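Student: Numbering (my numbering), first residue to last: 11 to 493.
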Amino acid sequence: MSIRFFNTMTRSLQEFRPLEPGRVGLYTCGPTVYDYAHIGNFRTYVFEDLLRRHLRFRGYEVLQVMNITDVEDKIIRKTRMEGRPMSEVTAPYIEAFFQDLDCLNIQRAEHYPRATEHVDGMVELIRSLLAQGLAYRSEDGSIYFDISKFPEYGRLAHIQVEDLRSGARVAQDEYDKERAADFALWKAWDEGDGEVFWDRYPDLGKGRPGWHIECSAMSIRYLGNHFDIHTGGVDNIFPHHQNEIAQTEPCTGETFVNYWLHSEHLQVESQKMSKKLGNFFTLRDLLDPQANPSGRAWDPMAVRYLLLGTHYRSRLDFTFKGLQAAMETRQGLLDFLRRCRMQQGTESLDSEVAEEIEATRAAFVAAMDEDLNTPEALAALHALRREIHRRIDERTDLGRASGQAVVDLVLDLDRVLGLRLEEALEEPELLPEETAMIDERQAARKARDFARADRLRDELEARGIRLEDTPQGVTWKIDPSRR
RNA sequence: GGCGAUGUGGCCGAGUGGUCAGGCAAGGGUCUGCAAAACCCUCUACAGCGGUUCGAUUCCGCUCGUCGCCUCCA
Numbered sequence: 011m012s013i014r015f016f017n018t019m020t021r022s023l024q025e026f027r028p029l030e031p032g033r034v035g036l037y038t039c040g041p042t043v044y045d046y047a048h049i050g051n052f053r054t055y056v057f058e059d060l061l062r063r064h065l066r067f068r069g070y071e072v073l074q075v076m077n078i079t080d081v082e083d084k085i086i087r088k089t090r091m092e093g094r095p096m097s098e099v100t101a102p103y104i105e106a107f108f109q110d111l112d113c114l115n116i117q118r119a120e121h122y123p124r125a126t127e128h129v130d131g132m133v134e135l136i137r138s139l140l141a142q143g144l145a146y147r148s149e150d151g152s153i154y155f156d157i158s159k160f161p162e163y164g165r166l167a168h169i170q171v172e173d174l175r176s177g178a179r180v181a182q183d184e185y186d187k188e189r190a191a192d193f194a195l196w197k198a199w200d201e202g203d204g205e206v207f208w209d210r211y212p213d214l215g216k217g218r219p220g221w222h223i224e225c226s227a228m229s230i231r232y233l234g235n236h237f238d239i240h241t242g243g244v245d246n247i248f249p250h251h252q253n254e255i256a257q258t259e260p261c262t263g264e265t266f267v268n269y270w271l272h273s274e275h276l277q278v279e280s281q282k283m284s285k286k287l288g289n290f291f292t293l294r295d296l297l298d299p300q301a302n303p304s305g306r307a308w309d310p311m312a313v314r315y316l317l318l319g320t321h322y323r324s325r326l327d328f329t330f331k332g333l334q335a336a337m338e339t340r341q342g343l344l345d346f347l348r349r350c351r352m353q354q355g356t357e358s359l360d361s362e363v364a365e366e367i368e369a370t371r372a373a374f375v376a377a378m379d380e381d382l383n384t385p386e387a388l389a390a391l392h393a394l395r396r397e398i399h400r401r402i403d404e405r406t407d408l409g410r411a412s413g414q415a416v417v418d419l420v421l422d423l424d425r426v427l428g429l430r431l432e433e434a435l436e437e438p439e440l441l442p443e444e445t446a447m448i449d450e451r452q453a454a455r456k457a458r459d460f461a462r463a464d465r466l467r468d469e470l471e472a473r474g475i476r477l478e479d480t481p482q483g484v485t486w487k488i489d490p491s492r493r
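Rendered as structure tokens:
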């Protein structure tokens, strides 16, 4: 009955035990706001949202922090190119980021600290590292962490320091470091930085913080020296998270984080997303028929379903075919709920249905408890769907109470999945003329004037309203994209 | 070069040492005025080659394929 997570630190599934009973401190690496986030980024944010939702579903109080990196090389480059203050460059992307979170039904974290507002905290850490002799100043005035002073370096990433291939991606002579794997804590100002610098720390000199240090400073500030869970994409394991550990633990004298969770990357058509290949999609691209090759406006909840359809530690190959399937599957779930809601018969809850419901809940929770196994959790939901459909077909009616109980369960589980099922169930209203057309068709059918009835049905179909004749009467489904 | 993943039926995608994942698509059927929806059936999968085992898709080895990280990319 316990929750287990795959901890990158130990490379194994471990029972989750929070530092404080009933409470979870969660740090989730957030966006660098120099551009719109792409769907690969959102895979990670949806994973983190799912983690948060499941923990809350299981009764934990979650304190989540997500940083906003608003000072960084690419941002500075953009700032120089556009000749505007850095905050003006980042503001629209920060706003867009929150819009996209809402769009995907990602719950808000408790805090979204910005790097530029926590430089004091970072400086404090850097001073401590300097004082301990763990950091050094290079000739140009930049300050680097000396990884040779941290014996544990490489433990998270399972990397031997000697194996690091120096200069693999950056010409070593660009840096003034003692060894290639040392990382910047403070970058001395140079002309390329333009107006971006901090000069109120005389002991550090005019410059700006390195990237890794922000997460250490902000997590300490909001979550304390030692907290439960830290997450990010797999690419953050090394060097980012490894560096966070190295620079934080000597300052606090405590273990930094108990559980490291990392989500795998999303690929597009079996390849890494890149602007060059033209397979680079932002969420906005998927919602805009002009901006993606499918030429369709996709429902963000179809995107979310697609992301949930693959376990977070497996690579996910994004395809429009897959997105289509995800959309249809979620639609099938909604159709199922609508049908359940139409059940009218006896008031009492069928005991077998009650059993099915409990079994489904148990299977769903067990799957989620086991390292957030969403595919298996969804399978439990589909098993219920099939079973209940079958029962309704057999008896033509399940009973109002039983139907409602099924709906209640699924909506309850959607607190974890976040597929906006309840909202989607609030059917858009039909126009009075459309209601009249439906009534007219019913009259025509009664009079056995099927030609007329079918004509009316076609007209409604063209308006995005699909009619279905059932024993309980006529129902309809609305395709919002055709209205 | 170092470290590490992974290869499941038309597509996507869980999982397990010995009945079943699940979704989407396809074909057939039931139901229906016709549709739609739903249900039933079918498509009998686990890269290849060895090994361990009474038995392997599941464990081990090798081969092949794909992919990730190795300094600021979720």
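We treat Cβ as the ideally placed atom computed from N, Cα and C, and that holds for glycine. None of the values given here were measured: they were computed from a predicted structure.
Can you tell me which of the three DSSP states residue 131 falls into?
Tutor: Taking the first residue of the first sequence as 1, we reach residue 131 at position 121. If DSSP states are grouped into helix, strand and coil, residue 131 belongs with the helices.
Student: Can you tell me where the beta strand (DSSP E) holding residue 153 begins and where it ends?
Tutor: Residue 153 sits at position 143 when you count from the first residue of the first sequence. Secondary structure note for residue 153: its beta strand (DSSP E) is the uninterrupted segment 153-155.
Student: Helix or strand or just coil, what does DSSP make of residue 281?
Tutor: If you number the first sequence from 1, residue 281 lands on position 271. Residue state, collapsed to three classes: strand.
Student: Nearest CA to the CA of residue 79: which residue from 47, 62, 72?
Tutor: By 1-based counting over the first sequence, the position of residue 79 is 69. The shortest Cα separation from residue 79 among 47, 62, 72 belongs to 47.
Student: Please list, in chain order, all residues of the same chain as residue 423 whose beta carbon is under 6 Å from its beta carbon, the five residues on each side excluded.
Tutor: Locating residue 423 in the first sequence gives position 413, counting from the first residue. Correct list, in chain order: 374.
Student: Use the C-beta contact count for residue 32: other C-beta atoms within 10 angstroms, 16 or more gives buried, fewer gives exposed.
Tutor: Translated into positions along the first sequence, residue 32 becomes position 22. Exposed is the call here.
Student: Using three-state DSSP, classify residue 305 as helix, strand or coil.
Tutor: The count along the first sequence starts at 1 and reaches residue 305 at position 295. Coil at residue 305, not helix or strand.
Student: So which of 309, 191, 107, 202 has the shortest CA-CA distance to residue 82?
Tutor: Here residue 82 refers to the residue found at position 72 when the first sequence is read from its first residue. Of the listed residues, the one whose Cα sits closest to residue 82 is 202.
Student: Helix, strand or coil, according to DSSP, for residue 352 in the structure here?
Tutor: By one-based count along the first sequence, residue 352 stands at place 342. Coil.
Student: Quick check on residue 48: does DSSP put it in helix, strand or coil?
Tutor: Position 38 of the first sequence, counted from the start, is the residue given in the question as residue 48. If DSSP states are grouped into helix, strand and coil, residue 48 belongs with the strands.
Student: Let me confirm a value: residue 132 is counted as buried when at least 16 other C-beta atoms fall within 10 Å, else exposed. Which label applies?
Tutor: As a position in the first sequence, residue 132 is number 122, starting the count at 1. It counts as buried.
Student: With DSSP collapsed to three states, give me the class of residue 43.
Tutor: Indexing the first sequence from 1 puts residue 43 at position 33. DSSP places residue 43 in coil when its eight states are reduced to three.
Student: Could you please give me the residues that DSSP links to residue 486 through a beta bridge?
Tutor: To locate residue 486, count along the first sequence from 1; it is residue 476. Residue 486 pairs with 477.
Student: Using a 10 Å radius around the Cβ and a threshold of 16 neighbouring Cβ atoms, would you call residue 168 buried or exposed?
Tutor: As a first step, residue 168 is located in the first sequence; it is residue number 158 there, counting from the start. It counts as exposed.
Student: Can you check which of these residues, 108, 487, 464, 129, is closest to residue 474 by C-alpha distance?
Tutor: For the purposes of this step, residue 474 is identified with residue 464 of the first sequence, where counting begins at 1. Nearest C-alpha to residue 474: 487.
Student: Measuring straight from C-alpha to C-alpha, what distance separates residue 384 and residue 206?
Tutor: Position 374 of the first sequence, counting from 1, holds the residue named residue 384. Position 196 of the first sequence, counting from 1, holds the residue named residue 206. The alpha-carbon atoms of residue 384 and residue 206 are separated by roughly 43 Å.
Student: Which ranges would you report for the alpha helix (DSSP H) in the segment 411-439 if only whole runs of at least 4 residues count?
Tutor: 431-435
Student: Comparing C-alpha positions only, which one of 115, 271, 455, 442 sits nearest to residue 309?
Tutor: Numbered from its first residue, the first sequence carries residue 309 at position 299. For residue 309, the closest alpha carbon among the candidates 115, 271, 455, 442 is that of 115.
Student: Give the single residue among 196, 162, 160 whose Cα lies nearest to the Cα of residue 151.
Tutor: Locating residue 151 in the first sequence gives position 141, where the first residue counts as 1. Nearest option by C-alpha distance: 196.
Student: Report back the beta-carbon spacing between residue 351 and residue 419 to the nearest angstrom; my notes put them in contact at under 8 Å.
Tutor: By one-based count along the first sequence, residue 351 stands at place 341. By one-based count along the first sequence, residue 419 stands at place 409. 13 Å between Cβ atoms; not a contact.
Student: Compute the Euclidean distance between the alpha carbons of residue 321 and residue 405, then round it to the nearest angstrom.
Tutor: Taking the first residue of the first sequence as position 1, residue 321 is located at position 311. Taking the first residue of the first sequence as position 1, residue 405 is located at position 395. Distance between the alpha carbons of residue 321 and residue 405: 37 Å.
Student: Tell me where the beta strand (DSSP E) around residue 239 begins and ends.
Tutor: Along the first sequence, one-based indexing puts residue 239 at 229. Unbroken beta strand (DSSP E) run through residue 239: 237-243.
Student: Would you mind reading off the limits of the alpha helix (DSSP H) that contains residue 457?
Tutor: One-based indexing of the first sequence puts residue 457 at position 447. Element bounds for residue 457: n/a, residue is neither H nor E.
Student: Return the chain-ordered list of same chain residues with a C-beta closer than 7 Å to the C-beta of residue 1, the five sequence neighbours on each side being excluded.
Tutor: Limits of the chain in this structure are 11 at one end and 493 at the other, which puts residue 1 out of reach.
Student: Tell me which residues share the same chain as residue 124 and place their Cβ nearer than 7 Å to its Cβ, disregarding the 5 neighbours each side in the sequence.
Tutor: Sequence index remark: in the first sequence, residue 124 carries index 114 (1-based). Taken in chain order, the residues that qualify are 78, 80.
Student: Take the Cβ of residue 224 as the centre, count every other Cβ of all protein chains shown within 10 Å, and call the residue buried at 16 or more, exposed below.
Tutor: The residue given as residue 224 occupies position 214 in the first sequence. Classification for residue 224: buried.
Student: For residue 58, does the count of other Cβ atoms within 10 angstroms reach 16, so buried, or fall short, so exposed?
Tutor: Translated into positions along the first sequence, residue 58 becomes position 48. Residue 58 should be labelled buried.
Student: Taking the beta strand (DSSP E) that residue 195 belongs to, which residues open and close that run?
Tutor: Taking the first residue of the first sequence as 1, we reach residue 195 at position 185. Segment 193-198, the beta strand (DSSP E) holding residue 195.
Student: Of all the options 314, 91, 137, which has the alpha carbon lying nearest to the alpha carbon of residue 430?
Tutor: Working through the first sequence from its first residue, we reach residue 430 at position 420. Of the candidates 314, 91, 137, the one whose C-alpha sits nearest the C-alpha of residue 430 is 314.
Student: Do residue 75 and residue 239 count as a contact pair if the criterion is CB distance below 8 Å?
Tutor: As a position in the first sequence, residue 239 is number 229, starting the count at 1. As a position in the first sequence, residue 75 is number 65, starting the count at 1. No; because the gap between Cβ atoms is not below 8 Å, this pair is not in contact.
Student: When DSSP labels each residue in this structure, what does residue 275 get in the three-state scheme?
Tutor: The residue you call residue 275 lines up with position 265 of the first sequence. Coil, per DSSP.
Student: Whole angstroms is fine: what's the gap from residue 136's alpha carbon to residue 111's?
Tutor: Reading the first sequence from its first residue, position 126 is the one you call residue 136. Reading the first sequence from its first residue, position 101 is the one you call residue 111. Cα to Cα, residue 136 sits roughly 33 Å from residue 111.
Student: Going by the CB atoms, is the gap between residue 312 and residue 283 shorter than 8 Å?
Tutor: The sequence position of residue 283 within the first sequence is 273, counting from 1. The sequence position of residue 312 within the first sequence is 302, counting from 1. No. Outside cutoff.
Student: Would you say the segment 322-337 touches the segment 20-29, given that touching needs at least three Cβ pairs under 8 Å?
Tutor: no
Student: Quick one: which unbroken alpha helix (DSSP H) runs of 4-plus residues sit fully inside the segment 293-337? Chain order, please.
Tutor: Correct list: 293-297, 310-318.
Student: Taking a contact to mean a Cβ-Cβ separation below 8 Å, would you say residue 87 touches residue 72 in this structure?
Tutor: Along the first sequence, read from residue 1 onward, the residue named residue 87 stands at position 77. Along the first sequence, read from residue 1 onward, the residue named residue 72 stands at position 62. Taking 8 Å as the Cβ cut-off, residue 87 and residue 72 do not qualify as a contacting pair.
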